[in-house]
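Take a look at the structure below.
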Amino acid sequence: MSDLRILVTGVGAFVAPSIIKNYKVIAERNIYVVGVDIKPFVNNKYVDKYYQYKKPSDDDYIDVLLDICKKEQIQFVIPLVDDELIVLANNKQKFKDNNIIICVNDANKIELVQNKYNLYKYLENYDIAVPKSYIFNSLEEFLEDCKLLDYPNKPVAYKPVVSSGSRGFRIIDENIDYTNYLFNQKADSKYIDMNFFISSIKKCQNIPKMMLMEYVEGDLYNVNVLAKDGETLYSVAGKMLDFAMGNTIKCQIENNVEVISYCEKITRLLKLNGNVGFEVAYTNDKKLKLI
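Residue 5 is where the sequence shown starts when you use my numbering, and the numbers rise one by one after that.
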């Protein structure tokens, strides 16, 4: 097999070294990896060449990235940063004209899956089980939505409509001993006290578009699917045993047919391409839902 030259973005990310390491252990071909990140320096020993590049919000982001690709004779761009996916998708042809393939789905698909509320509503139309969810932009709407989700009898969770890496995700649960949590537990930001949340949100002049949802607290699975035009080529499901900063630290690989079939159904419905990651969990009554 012929050698490959690839560029990986966001190589300073927590998961980047393990991803790039897997390219390097492929015995059938040599893969030359160029890494880019917005930091001046990144300690990633698996990268052959490193460049600092721009943020996707910068006007010259695409031009800088394309110049690096041309200089390094890159064949494939592998993005690891969620914020740049739509920008890259909208410029795929510009790179293709230079014989460079950007490994992203089309922009309309990315916009749908990145907006979790819209994605939930879309999947509901096809009878795919998802958590109950509501949009709120004010404290009054939030409190009303809590009632609809039977809080405080049941825990609830909230997060921005568009986010990544568990940013802004919190769980409100009346059964949590927050005093014990504050003084005796390791640092973990996933739980928040209702009174603290209310006092904090009252200080906000502008509340971003948020969604309140039922908290699905059963077994959690991380599923990776490799697909072409919606058809799954390979898939693997891991029961999550430990995770931090929105990333899986430890998991147990399981041949869970129900979990894999659920994710493959969504992949087929959305006609996704490439590597697709899912997080799904079981409810207390054993229903599977996308997180």
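For each residue, glycine too, the CB sits at the ideal point set by N, CA and C.
* If we call anything under 8 Å between Cβ atoms a contact, is residue 37 one with residue 10? -> For the purposes of this step, residue 37 is taken as the residue at position 33 of the sequence shown. For the purposes of this step, residue 10 is taken as the residue at position 6 of the sequence shown. Taking 8 Å as the Cβ cut-off, residue 37 and residue 10 qualify as a contacting pair.
* Buried or exposed: which applies to residue 106, given that a residue is buried once 16 or more other Cβ atoms fall within 10 Å of its Cβ? -> Within the sequence shown, residue 106 is the residue found at index 102, counting from 1. The residue in question, residue 106, is buried, as its Cβ has 16 or more Cβ neighbours within 10 Å.
* Report yes or no: do three or more beta-carbon pairs, one from the segment 207 to 221 and one from the segment 153 to 167, lie closer than 8 Å? => yes
* **residue 35 versus 14, 77, 65, residue with shortest Cα-Cα distance** => Looking up residue 35 in the sequence shown gives position 31. For residue 35, the nearest C-alpha among the options comes from 77.
* To do: Just list the beta strand (DSSP E) runs in the segment 72 to 142, keeping only unbroken ones of 3 residues or longer that don't cross its boundaries, in chain order.
  => 80 to 82, 137 to 140
* Asked: Since residue 162 is in the alpha helix (DSSP H), which residue starts that stretch and which ends it?
  -> Residue mapping note: residue 162 aligns to position 158 of the sequence shown, counting from 1. Not the alpha helix (DSSP H): residue 162 falls in the beta strand (DSSP E), residues 160 to 164.
* Taking contact to mean at least 3 C-beta pairs separated by less than 8 Å, is the segment 97 to 115 in contact with the segment 250 to 257? -> no
* Using DSSP with H/G/I as helix, E/B as strand and the rest coil, what is residue 184? -> Residue numbering aside, residue 184 sits at position 180 when the sequence shown is read from its first letter. Residue state, collapsed to three classes: helix.
* What first and last residue would you give for the alpha helix (DSSP H) that runs through residue 27? -> Position 23 of the sequence shown holds residue 27. Here the alpha helix (DSSP H) through residue 27 covers 20 to 28.
* Report the option in 154, 39, 179, 242 whose CA atom is closest to the CA atom of residue 21. => Locating residue 21 in the sequence shown gives position 17, where the first residue counts as 1. When only C-alpha atoms are compared, the closest one is 39.
* Asked: Can you give the Cα-Cα distance for residue 109 and residue 143, rounded to whole angstroms?
  -> Your numbering for residue 109 matches position 105 in the sequence shown. Your numbering for residue 143 matches position 139 in the sequence shown. About 36 Å.
* Looking at C-beta atoms only, is the number of pairs between the segment 275 to 288 and the segment 219 to 238 that lie closer than 8 Å three or more? -> yes
* Would you tell me roughly how many angstroms separate the C-alpha atoms of residue 170 and residue 189, rounded to the nearest one? => Here residue 170 is taken as the residue at index 166 of the sequence shown, counted from 1. Here residue 189 is taken as the residue at index 185 of the sequence shown, counted from 1. The straight-line gap from Cα to Cα measures roughly 20 Å.
* Asked: Is it true that the segment 197 to 207 meets the segment 253 to 264, where meeting means three or more beta-carbon pairs spaced less than 8 Å apart?
  -> no
* Asked: Taking the alpha helix (DSSP H) that residue 262 falls in, what are its first and last residues?
  -> Here the question's residue 262 lines up with position 258 in the sequence shown. Run containing residue 262: 261 to 274, per the alpha helix (DSSP H) assignment.
* Range covered by the alpha helix (DSSP H) that runs through residue 254 -> By one-based count along the sequence shown, residue 254 stands at place 250. Here residue 254 belongs to no alpha helix (DSSP H); instead the beta strand (DSSP E) covers 251 to 258.
* **One or two residues paired with residue 239 in a DSSP bridge** => Taking the sequence shown and counting its residues from 1, one reaches residue 239 at position 235. For residue 239, which the question treats as bridged, DSSP gives the partners 229.
* Asked: Taking one C-beta from the segment 177 to 189 and one from the segment 127 to 145 each time, how about it: are there three or more such pairs within less than 8 Å?
  -> no
* Go through its chain and collect everything with a Cβ distance to residue 119's Cβ below 7 Å, but skip five positions before and after it. => As a working mapping, residue 119 is identified with position 115 in the sequence shown. Excluding positions up to five away in sequence, the list reads 165, 166.
* State yes or no: is the C-beta of residue 287 within less than 8 Å of the C-beta of residue 234? => For the purposes of this step, residue 287 is identified with residue 283 of the sequence shown, where counting begins at 1. For the purposes of this step, residue 234 is identified with residue 230 of the sequence shown, where counting begins at 1. Contact: no.
* Check residue 147 in the structure and name its three-state DSSP category. => Indexing the sequence shown from 1 puts residue 147 at position 143. Looking at residue 147 - three-state DSSP - the assignment turns out to be helix.
* **One or two residues paired with residue 39 in a DSSP bridge** => Taking the first residue of the sequence shown as 1, we reach residue 39 at position 35. Paired residue(s): 12, 54.
* Under 6 Å Cβ to Cβ from residue 254, same chain only, skipping five residues before and after it: list those, please. => Position 250 of the sequence shown, counted from the first residue, corresponds to residue 254. Cβ within range, chain order: 245, 246.
* For the beta strand (DSSP E) that residue 293 lies in, which residues bound it at each end? -> For the purposes of this step, residue 293 is taken as the residue at position 289 of the sequence shown. Looking at the DSSP string, the run of the beta strand (DSSP E) that includes residue 293 is 292 to 294.
* According to the neighbour-count rule (16 or more other Cβ atoms, all chains shown, within 10 Å of its Cβ), is residue 29 buried or exposed? -> The sequence position of residue 29 within the sequence shown is 25, counting from 1. Exposed: under 16 other Cβ atoms inside 10 Å.
* May I have the straight-line CA-CA distance separating residue 238 from residue 277, to the nearest angstrom? => As a working note, residue 238 is residue 234 in the sequence shown. As a working note, residue 277 is residue 273 in the sequence shown. Roughly 12 Å separates the two Cα atoms.
* Asked: What's the call for residue 60, buried or exposed, on a 16-neighbour Cβ count within 10 Å?
  -> The residue given as residue 60 occupies position 56 in the sequence shown. The residue in question, residue 60, is buried, as its Cβ has 16 or more Cβ neighbours within 10 Å.
* Asked: For residue 174, which residues does DSSP report across the bridge?
  -> Residue 174 sits at position 170 when you count from the first residue of the sequence shown. Looking at the DSSP assignment, residue 174 forms a beta bridge with 162.
* To do: Give the DSSP bridge partners of residue 216, in chain order.
  => Counted from its first residue, the sequence shown places residue 216 at position 212. Note: residue 216 sits in a beta bridge opposite 138, 162.
* Asked: In this structure, what does DSSP give as the bridge partners for residue 224?
  -> As a working mapping, residue 224 is identified with position 220 in the sequence shown. 285.
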